[in-house]
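Number of protein chains: 2
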Amino acid sequence: MSATQQVTTPEDYEVGKYSIGEVVERTGLTAHTLRWYERIGLMRHVSRQGPRAGGDGNGRGSRRRYSDHDLDWLEFVGKMRLTGMPVADMLRYAEMIRLGDETRAARRELLEDHREEVRNRISDLQSCLLVIDYKIETYADAERSNDDEHSQVG
Amino acid sequence: MSATQQVTTPEDYEVGKYSIGEVVERTGLTAHTLRWYERIGLMRHVSRQGPRAGGDGNGRGSRRRYSDHDLDWLEFVGKMRLTGMPVADMLRYAEMIRLGDETRAARRELLEDHREEVRNRISDLQSCLLVIDYKIETYADAERSNDDEHSQVG
DNA sequence: TGCTTGCTTGGAGTGCGCTCCAACTCCGTA
DNA sequence: TACGGAGTTGGAGCGCACTCCAAGCAAGCA
C-alpha cells in the first residue's frame, strides 16, 4: 500500500503519532477494545511502526501508531455506541465508507434510521422519568405523613 | 392502586386472575422471562392454582395465577428496565420493599440516584443527536454539491 | 546481564439478560 | 381413551460487547 515512510505520504495514508497507550488515555477505551475493534473490522489499516517493519511497516508484532484521523473515527464510533448503535451496524457503516461514494445514500439512511431510534429512546426515557418522579414524590409524601404506599412485591 | 379482587383473602394474599399466557399478552414479556424473574427473586409469591394445590396452592407443578398487583409490579419493573436500571438493582429494590418501612429512605435514594442517571443519559443522547444531525447534514450537503466528506475508516 | 515497561498475538473467558431445552403434568374436547 | 395445547421444572445455551490470558518480543535502564 505504501513504501517505508517515517514521515508523510500521499494524503490518504498517514503514519500515526499516537501509541495505543496514548489512545487509551485520550479515548477512555481499553487497549483490548482498540485491538478488538481492529480485529472485527470496525477500524482498519491502523499504521504500524516497529522492529519487523520491513516493507510497509505492517509486519506481525509491530506496534500500532494511531493518527488524528483514527482518533476522529474513534470519537464518532464512541458517540454512536453511546447512543446504542450496535457494533454490527457500525461495521456496516464502516464497510460502506470503504466502498466509496456509491454507498452515500445508504449511509445517510442508516444514520437517519438511527436518529429516529435515538429520538424514540429519548422520549421513552422522558416518560419513564415521569414515573420515577411520581414514585419519588410518593415516598416524599409518605415521609411527611408517615403513611403507607401502594407498592409491594409479594 | 388496585383493589379489584375477585376471590378475596387476608388482604396481603390474593389469588390472581391471570394465567402466564395472559400476562405474556398484556406485558409483552415472554413466559420464560416471567419465570426467570420469579426464579431470581425479582417477583415473589406469585399465587398458584392447580392439581397439587394442597393447602396454599403452591405445590410444585401447580400453575401461576398473576394478580393485578403483580401486573402493576411488572409494569413498574418494565419502566425501570427500559431506563436501563440493572436487574441487580431492581432486585435490591424488591428486597427492600420486602423488608418493610425501615428501608423507605434507602429505596427513595436508590430511585433518586437512578433518576439522576436517567437524566444524564437523556442529555448524553441529546448531545449525540446533534452529532448525528450534523453528520446527516454533511451527507445532504454533499448530495447537493457532489463533494466529498471528511470521514473515512482506513 | 537482568529487570521493568509497554506492546504484540490468537483464543478463551466473562457478565448480563434473557432464551431455550427436555421431560414432564394437567385439562378440555372429541 | 386419545390428543392437542398450555403449563411446569432445573439447567444449559446464546448473543452482545467486551475482557482477559499466556507467551513472547523489543527498548531502556542499572
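Chains as they are written, first to last, in numbering that gives the first Met the number 0: chain C, 0 to 153; chain Y, 0 to 153. For each residue, glycine too, the CB sits at the ideal point set by N, CA and C.
Item to complete: Below 7 Å between beta carbons is the criterion; list the residues of the stretch 76 to 105 of chain Y that meet it against any residue of chain C, in chain order.
Response: K78, L81, T82, A93, I96, R97, R103
Worksheet entry | Proximity below 8 Å, CB of Y:S46 to CB of Y:R25 | Going by beta carbons, Y:S46 and Y:R25 fall outside the 8 Å limit.
Item to complete: Note down the Cα distance separating Y:T82 from Y:D123, rounded to an integer number of angstroms.
Response: Answer to the nearest angstrom: the Cα atoms are 14 Å apart.
Worksheet item: C:H31 touches chain Y at which residues, Cβ-Cβ below 7 Å?
Response: Per Cβ cutoff of 7 Å: no residues; C:H31 is ~20 Å from chain Y at best.
Worksheet item: Any chance the stretch 65 to 82 of chain C sits against the stretch 17 to 37 of chain C, with 3 or more Cβ pairs inside 8 Å?
Response: yes
Practice prompt. Express the C-alpha separation of C:I135 and Y:R103 in angstroms, rounding to a whole number.
Written response: 10 Å
Worksheet entry | Neighbour flag for C:D123 against chain Y, beta carbons, 8 Å | yes
Worksheet item: Taking buried to mean at least 16 other C-beta atoms within 10 Å of its own C-beta, is Y:R143 buried or exposed?
Response: exposed
Practice prompt. Could you spell out the range, first to last residue, of the beta strand (DSSP E) harbouring Y:S46?
Written response: 46 to 48
Discussion item. Relative to the C-alpha of Y:Q48, which candidate in Y:Q125, Y:V14, Y:E94 has its C-alpha closest?
Written reply: Y:V14
Worksheet item: Do you know how far the Cα of C:R120 is from the Cα of Y:G56?
Response: Its pLDDT being 40, under 50, Y:G56 is placed unreliably in this model, and the value from its coordinates should be taken loosely. If you take the alpha carbons of Y:G56 and C:R120, they lie about 42 Å apart.
Worksheet item: Going by the beta-carbon positions, is the gap between Y:G40 and Y:L73 smaller than 8 Å?
Response: Cβ atoms of Y:G40 and Y:L73: not closer than 8 Å.
Worksheet item: Would you say C:K16 faces chain Y, with C-beta separation under 8 Å as the test?
Response: Output row for C:K16: interface = no.
Worksheet item: Does the distance from the C-beta atom of Y:K78 to that of C:C127 stay below 8 Å?
Response: yes
Practice prompt. Give a yes or no on whether the minimum CB-CB distance between Y:R114 and chain C is below 8 Å.
Written response: yes
Worksheet entry | Selected residue, minimal CA-CA separation from C:M95, among C:R107, C:E116, C:V130 | C:R107
Discussion item. Any beta carbon from chain C within less than 8 Å of Y:L28's own beta carbon?
Written reply: no
Practice prompt. Assign C:D69 to one of two classes, buried (16 or more other C-beta atoms within 10 Å of its C-beta) or exposed (fewer than that).
Written response: Counting Cβ neighbours within 10 Å, C:D69 comes out buried, since at least 16 surround it.
Discussion item. For chain Y, check one thing: does any of its Cβ atoms lie closer than 8 Å to the Cβ of C:V22?
Written reply: no
Worksheet item: Got a sec: is the Cβ-Cβ distance from C:Y138 to anything in chain Y below 8 Å?
Response: yes
Practice prompt. State the DSSP-derived secondary structure class of C:R63, mapped to helix, strand or coil.
Written response: strand
Worksheet item: Cβ of C:I39 less than 8 Å from any chain Y Cβ?
Response: no
Practice prompt. Measure the Cβ-Cβ separation of C:I131 and Y:V22 and say whether it is below 8 Å.
Written response: At the C-beta level, C:I131 and Y:V22 stay beyond 8 Å of one another.
Worksheet entry | Cα-Cα separation between C:D100 and Y:E111, rounded to whole angstroms | 48 Å
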